[in-house]
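Engineer: One point on numbering: in the working numbering, the residue at position 174 of the sequence shown is 171, and numbering is uninterrupted.
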Amino acid sequence: MKSLSRRQFHALTLSAAAMAALGPVPSVLARRRADEDGTLFDWQELPGGAWVAMGQGGNTLLVRSAGQAVLIDCKNPGLGATLRREAESFGTPVRLVVNTHHHGDHSGGNPAFTADLPLVAHAKAKPRIIAQSEEMLGRARRVLQGLEGGEKPAPKRVIDEVKSFIDSIAGVPGDAFAPTRVVEERMEADKFGDLEVQYHHIGPGHTDNDMVVFFPSLNLVHMGDLLFHRRYPVIDLAAGATTIGWQESVREIIKLCDAKTTVIPGHGEITDVNGLATQVEFFNKIREVVRHAKDVEGMTKEEVMNLTPGAFEGYEFQQMRPRTLGAVFEELEKK
Ligand SMILES: [Zn+2]
């Protein structure tokens, strides 16, 4: 990366001040904003040579060791080539890729990596990733529309990369999205450079194939979508989600953490162990809200879906709120 211009330095200082006003964000050293040098993603630097790419799908974590890089999650379909180019612009080639679960906003970019790199996911993610591969063209087209539209279109080379993916997808088999190595145990680990990278699957939570990726020596964890930080979460019942299991998974990961652990959510700002505790508490509260509405006030599912619980004021992904409430209602109905 180039050294920062004075203007860029001031931009960083300002953003740090703005972030401080929002509350502490652990250990973010620097940011490379979207649009700087034609960059698409908003990159945040963490200690230990790690970066997080925010926006355009789930958060992607880049960890570097011994001259190579590992990427956790691959953004929306069509963005794999852009992600790989931006990740490698930090000076280290990507040598390993991980999907935290099958959803397309975490695995859509996979074809940019699977031809020449190992890609790790949970065993139950693999058939789901292959089964959804035909949806990826339509999703990539919507990504392109989003990049071309809006007040400020994305950089031309990004547009070209997405178009090139769309043009090539007819010849891309479903296998090109699929992981090349699957995790079946509750915990498996790889050696990566000088680091150990651990894959934890506690059980069904957000889906039936959630994997948390933990770097013990960096005290750094990527939660995948087991953490929607201060956002209404997707509860994918059709893919085996359970909020009780979700809480259990997060509680198990909390045991790996201490006060200094850096926690990367699937969606939302970088946080710490408090963010994990808040996610557990979220489900306690929302189940109580839905149980009360359903059993005490006699509300229908439709009525419950239209609630705006005061306990979650300020949460983002408000467009998800009816689906989140509806899923909790369905879960409670089953009991
Ligand atoms: Zn997800």
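Just so you know, even glycine gets a beta-carbon here, dropped at the ideal spot from N, CA and C.
Hey, K298 and G265: beta-carbon distance below 7 Å or not?
Structural biologist: On the sequence shown, residue 298 is found 301 positions in, with the first residue counted as 1. On the sequence shown, residue 265 is found 268 positions in, with the first residue counted as 1. No, they are not a contact pair.
Engineer: Using 6 Å as the cut-off, classify the Cβ of H100 as near or not near the heavy atoms of ligand 1, replying yes or no.
Structural biologist: Within the sequence shown, numbered from 1, the residue matching residue 100 stands at position 103. Yes, the Cβ of H100 comes within 6 Å of a heavy atom of ligand 1.
Engineer: Give a yes or no on whether the C-beta atoms belonging to N73 and V155 are separated by under 7 Å.
Structural biologist: In the sequence shown, counting from the first residue as 1, residue 73 sits at position 76. In the sequence shown, counting from the first residue as 1, residue 155 sits at position 158. Their beta carbons are not under 7 Å apart, which means N73 does not touch V155 by this criterion.
Engineer: Would you kindly work out how many angstroms separate the C-alpha atoms of F211 and V218, rounded to a whole number?
Structural biologist: The count along the sequence shown starts at 1 and reaches residue 211 at position 214. The count along the sequence shown starts at 1 and reaches residue 218 at position 221. Roughly 4 Å between the two C-alpha positions.
Engineer: Quick one: is P176 buried, meaning 16 or more other Cβ sit within 10 Å of its Cβ, or exposed?
Structural biologist: As a working mapping, residue 176 is identified with position 179 in the sequence shown. By the 10 Å Cβ count, P176 comes out buried.
Engineer: Quick check on the DSSP output: the alpha helix (DSSP H) that includes T79 runs from which residue to which?
Structural biologist: Position 82 of the sequence shown, counted from the start, is the residue given in the question as residue 79. Start and end: G77 to E85.
Engineer: At a cut-off of 6 Å, would you count D222 as near ligand 1, judging by its Cβ distance to the nearest heavy atom?
Structural biologist: Translated into positions along the sequence shown, residue 222 becomes position 225. Within the cutoff, so yes.
Engineer: Where DSSP assigns a beta bridge to Q195, which residues make up the other side?
Structural biologist: Indexing the sequence shown from 1 puts residue 195 at position 198. Answer is A186 and F211, bridged to Q195.
Engineer: Of the residues F38, H203, P150 and S165, which one's Cα is nearest the Cα of T79?
Structural biologist: As a position in the sequence shown, residue 79 is number 82, starting the count at 1. Nearest option by C-alpha distance: F38.
Engineer: Consult DSSP for T240 and reduce its assignment to one of helix, strand or coil.
Structural biologist: Reading the sequence shown from its first residue, position 243 is the one you call residue 240. T240 falls in the helix class under three-state DSSP.
Engineer: Starting from V270 and walking both ways along the alpha helix (DSSP H), at which residues does that stretch end?
Structural biologist: Working through the sequence shown from its first residue, we reach residue 270 at position 273. It spans V270 to R288 - the alpha helix (DSSP H) in which V270 sits, taken as one unbroken run.
Engineer: Which residue marks the beginning of the beta strand (DSSP E) containing E131, and which one marks its end?
Structural biologist: For this step, residue 131 is matched to residue 134 along the sequence shown. Run containing E131: none; DSSP gives neither H nor E here.
Engineer: Name the DSSP bridge partner or partners of L41?
Structural biologist: Against the sequence shown, residue 41 aligns to sequence position 44. Residue identity differs from the one stated: residue 41 is Gln in this sequence, not Leu. Answer by DSSP bridge pairing, in chain order: R28 and V49.
Engineer: Would you mind stating whether G77 and P44 have Cβ atoms separated by less than 7 Å?
Structural biologist: Here residue 77 is taken as the residue at index 80 of the sequence shown, counted from 1. Here residue 44 is taken as the residue at index 47 of the sequence shown, counted from 1. No, they are not a contact pair.
Engineer: Confirm, please, whether the CB-CB distance from G200 to W243 is below 7 Å.
Structural biologist: The residue you call residue 243 lines up with position 246 of the sequence shown. The residue you call residue 200 lines up with position 203 of the sequence shown. Their beta carbons are not under 7 Å apart, which means W243 does not touch G200 by this criterion.
Engineer: Using alpha carbons as the reference points, say which of E33, G54, G35 and G88 lies closest to V60.
Structural biologist: Indexing the sequence shown from 1 puts residue 60 at position 63. For the residues E33, G54, G35 and G88, the minimum Cα distance to V60 belongs to G88.
Engineer: Is there contact between the segment 309 to 327 and the segment 273 to 288, where contact requires at least three CB pairs shorter than 8 Å?
Structural biologist: The segment 309 to 327 vs the segment 273 to 288: in contact.
Engineer: Apart from the five residues just before and just after A50, which ones in its own chain have a Cβ nearer than 6 Å to its Cβ?
Structural biologist: Taking the first residue of the sequence shown as 1, we reach residue 50 at position 53. Closer than 6 Å at the Cβ level, and outside the excluded window around A50, lie F38, W40 and T57.
Engineer: In three-state DSSP terms, what is R228?
Structural biologist: As a first step, residue 228 is located in the sequence shown; it is residue number 231 there, counting from the start. Reduced to three states, the DSSP call for R228 is strand.
Engineer: Between the beta-carbon of G135 and the beta-carbon of D102, is there less than 7 Å?
Structural biologist: In the sequence shown, residue 135 corresponds to position 138, counting from 1. In the sequence shown, residue 102 corresponds to position 105, counting from 1. Their beta carbons are not under 7 Å apart, which means G135 does not touch D102 by this criterion.
Engineer: Can you tell me the Cα-Cα spacing of G168 and E131, whole angstroms?
Structural biologist: If you number the sequence shown from 1, residue 168 lands on position 171. If you number the sequence shown from 1, residue 131 lands on position 134. Each residue's Cα considered, the two are about 12 Å apart.
Engineer: What residue range is occupied by the uninterrupted alpha helix (DSSP H) comprising I163?
Structural biologist: One-based indexing of the sequence shown puts residue 163 at position 166. From DSSP, the alpha helix (DSSP H) with I163 extends over K153 to S165.
Engineer: I'd like the list of long-range same chain contacts for I166, defined as Cβ closer than 6 Å, with 5 residues on each side in sequence excluded.
Structural biologist: In the sequence shown, residue 166 corresponds to position 169, counting from 1. For I166, where only same-chain residues beyond five positions count, the Cβ hits under 6 Å are L134.
Engineer: Taking a contact to mean a Cβ-Cβ separation below 7 Å, would you say V159 touches G75 in this structure?
Structural biologist: If you number the sequence shown from 1, residue 159 lands on position 162. If you number the sequence shown from 1, residue 75 lands on position 78. Result yes, Cβ atoms of V159 and G75 sit closer than 7 Å.
Engineer: Applying the 10 Å Cβ sphere with the 16-neighbour rule, what's the burial state of Q142?
Structural biologist: Residue 142 sits at position 145 when you count from the first residue of the sequence shown. Classification of Q142: exposed, given that the 10 Å Cβ count is below 16.
Engineer: Taking 8 Å as the limit between beta carbons, can you name the residues of its chain near E193, skipping five residues before and five after?
Structural biologist: Position 196 of the sequence shown, counting from 1, holds the residue named residue 193. Correct list, in chain order: A186, D187, F212, P213 and S214.
Engineer: Which residues share a DSSP beta bridge with L144?
Structural biologist: Along the sequence shown, read from residue 1 onward, the residue named residue 144 stands at position 147. Answer by DSSP bridge pairing: none, since L144 is not bridged.
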